[in-house]
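In our numbering, the protein residues as written are 24 to 98.
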């Protein structure tokens with residue numbers, strides 16, 4: 024649970040932030056697992072935790088959230 028006005032993104036663990044940014048940049052689950060040397064199942068577990076903490080429901084929502092928060096930019 025986030026205090027009113029507190030940024031949900033800051034509630035993510037460092038690993039969740041790392042995985043969030045990779046998803047937001049369009050990297051696939053399999054590519055993330057290979058890059059971080061973790062299983063696809065572990066990536067999916069992190070993804071579900073991220074979506075829940077941020078109140079999102081899809082990869083597309085993660086991209087929109089990242090753009091809105093200025094975490095990524097269109098090139």
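All C-beta atoms in this analysis are idealised placements derived from N, C-alpha and C, irrespective of residue type, glycine included.
Coil, strand or helix - residue i by DSSP
i, result
"residue 76", "helix"
"residue 54", "helix"
"residue 84", "helix"
"residue 31", "helix"
"residue 25", "Its pLDDT being 49, under 50, residue 25 is placed unreliably in this model, and the value from its coordinates should be taken loosely. Of the three classes helix, strand and coil, the one that applies to residue 25 here is coil, per DSSP."
"residue 90", "helix"
"residue 59", "helix"
Unbroken alpha helix (DSSP H) run spanning residue i, endpoints
i, result
"residue 45", "37-47"
Own chain partners of residue i with C-beta closer than 7 Å, once the 5 adjacent residues on each side are dropped
i, result
"residue 39", "69, 72 and 73"
"residue 79", "85 and 88"
"residue 82", "46"
8 Å Cβ shell around residue i - same chain, five flanking residues per side excluded
i, result
"residue 42", "55, 59, 66, 69, 70 and 73"
"residue 50", "58"
"residue 63", "52, 53 and 56"
Selected residue, minimal CA-CA separation from residue i, among the options
i, options, result
"residue 87", "51, 31 and 47", "47"
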